[in-house]
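2 protein chains.
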Amino acid sequence: MKIRVYVSLKPGVLDPQGRAVHHALDGLGFEGVEDVRIGRFIELDMADGTTDEALESMCEKLLANTVIEDYRIEKVER
Amino acid sequence: MKIRVYVSLKPGVLDPQGRAVHHALDGLGFEGVEDVRIGRFIELDMADGTTDEALESMCEKLLANTVIEDYRIEKVER
């Protein structure tokens with residue numbers, strides 16, 4: 611089964627990468643950009659029957675830094 | 611309006627970051643992990659009325675490296 615985990619900075623946490631992209635878009639002449647934030651996603655091919663608990667544990671232990679990041683687990687239908 | 615751009619490596623392009631995460635998950639004892647690939651997403655707050663052409667141009671010029679990466683633009687409903 612295919613799983614996607616989306617990891618994003620918690621609201622309020624400074625996002626220097628997002629600011630840099632915002633600045634670069636302004637510099638390239640794009641108008642109307644109000645805010646930019648960057649996150650990442652992890653696409654996992656897992657054996658069928660992997661439990662939700664295992665997925666949560668993977669996020670808590672490795673995939674996200676839960677001090678400053680939120681994560682969301684999505685199962686991709688095929 | 612809120613836009614999300616998902617950027618992922620094209621199929622076949624080596625993903626060392628994904629391999630490292632795969633290896634780390636194995637090392638932590640998680641079973642059933644068959645493949646891991648990492649991508650990023652960019653969350654943009656844009657002025658209403660930003661055209662699709664402007665968004666595509668932003669992706670082509672800055673947000674994605676189209677030699678090795680694919681991108682997908684998603685408009686987030688509120």
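Protein chains in written order, with my numbering: chain W, 611 to 688; chain P, 611 to 688. Idealized CB from N, CA, C, for every residue including glycine.
Closer than 8 Å to chain W by CB, residue i
i, result
"arginine 647 of chain P", "yes"
"arginine 650 of chain P", "yes"
"alanine 674 of chain P", "no"
"valine 643 of chain P", "yes"
"aspartate 655 of chain P", "yes"
"lysine 685 of chain P", "no"
Whole-angstrom distance between residue j and residue i, CA atom to CA atom
i, j, result
"threonine 661 of chain W", "glycine 637 of chain W", "46 Å"
"glycine 659 of chain P", "arginine 682 of chain P", "19 Å"
"glutamate 663 of chain P", "glycine 639 of chain P", "46 Å"
"glutamate 670 of chain P", "methionine 668 of chain W", "33 Å"
"valine 643 of chain W", "glutamate 684 of chain P", "16 Å"
"glycine 628 of chain W", "isoleucine 678 of chain W", "15 Å"
"alanine 674 of chain P", "lysine 620 of chain W", "24 Å"
"alanine 657 of chain W", "alanine 634 of chain P", "17 Å"
"glutamate 691 of chain W", "methionine 611 of chain P", "The structure shown has nothing for residue 691 of chain W, since chain W only spans 611 to 688."
"glutamate 666 of chain W", "leucine 665 of chain P", "34 Å"
"isoleucine 613 of chain P", "isoleucine 613 of chain W", "22 Å"
"threonine 676 of chain W", "aspartate 680 of chain P", "28 Å"
Neighbour flag for residue i against chain P, beta carbons, 8 Å
i, result
"glycine 622 of chain W", "no"
"tyrosine 616 of chain W", "yes"
Contact check, residue i vs residue j, beta carbons under 8 Å
i, j, result
"aspartate 625 of chain P", "aspartate 655 of chain W", "no"
"isoleucine 648 of chain W", "valine 631 of chain W", "yes"
Any non-hydrogen atom of the ligand NAD within 7 Å of residue i CB
i, result
"isoleucine 613 of chain P", "For the ligand NAD, the structure offers nothing, since it holds no ligand at all."
Selection from the options that minimises the alpha carbon distance to residue i
i, options, result
"valine 686 of chain P", "P:Ser667, P:Cys669, P:Ile678, P:Ile652", "P:Ile652"
"leucine 672 of chain W", "W:Met611, W:Lys612, W:Val617", "W:Val617"
"valine 615 of chain W", "P:His633, P:Arg650, P:Ile613, P:Met611", "P:Arg650"
For this session: Please list the residues of the stretch 658–669 of chain W that have a C-beta atom closer than 7 Å to any C-beta atom in chain P, keeping them in chain order.
Result: Legend: CB atoms of the stretch 658–669 of chain W lying less than 7 Å from CB atoms of chain P belong to residues Thr660, Ala664, Met668.
Exercise. Using a Cβ cut-off of 7 Å, which residues of the stretch 626–637 of chain W contact any Cβ in chain P, in chain order?
Worked result: Residues passing the 7 Å Cβ filter: Val631, Ala634, Leu635.
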